[in-house]
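The structure appears right after this line, and notes come after that.
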Amino acid sequence: MERFVMGFLRAAIVWLVVGTSLGAAIAMIPAWLVYRPVHLHLLLLGFVVMFIAGVAYHVVPRFTAAPLHSNRLAAVHLWVANAGLVLLACGFIARVQHPALAPALLATGGILSASGAYFLAWNLWRTLDGAVVPPSRLPAARPLPVARS
Ligand code: HEM
Ligand code: HEM
Numbered sequence: 010m011e012r013f014v015m016g017f018l019r020a021a022i023v024w025l026v027v028g029t030s031l032g033a034a035i036a037m038i039p040a041w042l043v044y045r046p047v048h049l050h051l052l053l054l055g056f057v058v059m060f061i062a063g064v065a066y067h068v069v070p071r072f073t074a075a076p077l078h079s080n081r082l083a084a085v086h087l088w089v090a091n092a093g094l095v096l097l098a099c100g101f102i103a104r105v106q107h108p109a110l111a112p113a114l115l116a117t118g119g120i121l122s123a124s125g126a127y128f129l130a131w132n133l134w135r136t137l138d139g140a141v142v143p144p145s146r147l148p149a150a151r152p153l154p155v156a157r158s
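Residues in the sequence shown are numbered consecutively from 10, following the working numbering.
Structure (C-alpha cells):
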C-alpha cells in the first residue's frame with residue numbers, strides 16, 4: 010500500500026473520531042449547535058471524502074490495470090486536503106469566536122479543500138485515460154465453480 014493511501018485512511022479515521030465526538034458534544038450542549046458546520050464538514054470532507062480518496066487511489070489502478078497518473082499529486086492532495094479542512098473548521102469556529110478572522114480562514118480553507126478535490130478528480134480522470142484495454146486483450150471468462158451442497 011502506498012504511503013499516501015495509508016495517510017488518507019488514517020486521516021479519515023482520525024476525522025471520524027473527532028467529528029463524531031463533536032456531534033456528541035453538540036447533542037449534549039444545545040448552545041454548541043453553532044458548531045454544526047464544523048461537525049458536518051469534519052465528517053463529510055474529513056471522514057467520507059478522505060476515506061473515498063484513499064480507497065479510490067488504491068483500487069482504481071487495480072480495477073483498470075493502469076498505474077495511477079501521479080503518485081506525487083496524490084501525496085500533495087493528502088496535505089492540501091488536511092490543511093484545508095483544519096483551516097475551514099477554524100474558520101467556522103472563528104465565525105462564532107473571532108468574526109474578524111473568519112473570512113480569511115474560510116476562504117483559504119475553502120480554496121485548499123476545493124483544490125484537493127480537483128487534484129483527486131484530475132488524477133483519477135487521467136488514470137482512467139490510460140486504462141483502455143481492447144476486448145481482445147481481456148482474459149477469457151472462466152466458468153464459476155459449482156457449489157456442492
Ligand atoms: C456520534 C455520532 C453523531 C452525533 C452524536 C451527531 C450529532 C449531530 C447533531 C447534534 C447535529 C445537529 C442537529 C441539529 O441541527 O439540530 C448533527 C448534524 C449533522 N450531522 Fe451529525 N452526529 C453524528 C454523526 C454524524 C455522521 C457520521 C455524519 C456524516 C457522515 C453526520 C452528519 C451530520 C450532518 C450532515 C448534519 C447537519 C444536518 C442538517 O443540516 O440538518 N453526523 N449531528
Ligand atoms: C471545498 C469543500 C467545501 C467547502 C469550502 C464547503 C463550504 C461550506 C460552507 C461555507 C457552508 C455554509 C455553512 C454555513 O454557513 O452554515 C457549507 C454548508 C454545507 N456543506 Fe459544505 N463545503 C465543502 C464541501 C462539502 C462536502 C464535500 C459536503 C458533503 C459531502 C458538504 C456538505 C455541506 C452541507 C450538508 C452543508 C449545509 C450545512 C447546514 O445545513 O448547516 N460540504 N459548506
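For every residue, glycine included, the Cβ atom is placed at its ideal position computed from N, Cα and C.
Contact between residue 99 and residue 114 holds, with the beta-carbon distance rounding to 5 Å and staying under 8 Å.
Within its own chain, the residues whose Cβ lies closer than 8 Å to the Cβ of residue 132, once the five positions on either side in sequence are excluded, are 66, 77, 78, 79, 82, 83, 86, listed in chain order. With a cut-off of 7 Å, the C-beta of residue 27 is classified as distant from ligand 1, since no heavy atom of the ligand falls inside that distance.
With fewer than 16 other Cβ atoms from the protein chains shown falling within 10 Å of its own Cβ, residue 15 counts as exposed. With a contact defined as Cβ atoms closer than 8 Å, residue 75 and residue 130 miss out at about 16 Å. For residue 44, no alpha helix (DSSP H) run applies, since DSSP gives it neither H nor E.
DSSP places residue 86 inside the alpha helix (DSSP H), whose first and last residues are 80-106. Here the alpha carbons of residue 32 and residue 111 stand approximately 22 Å from one another. Cα atoms of residue 105 and residue 126: separation of roughly 27 Å, rounded to the nearest angstrom. Of the residues assessed, residue 90 falls on the buried side of the cut-off, its CB having 16 or more other CB atoms within 10 angstroms.
Counting along the chain, the unbroken alpha helix (DSSP H) around residue 70 starts and ends at 59-73.
Around the C-beta of residue 155, fewer than 16 other C-beta atoms lie within 10 Å, and the residue is accordingly described as exposed.
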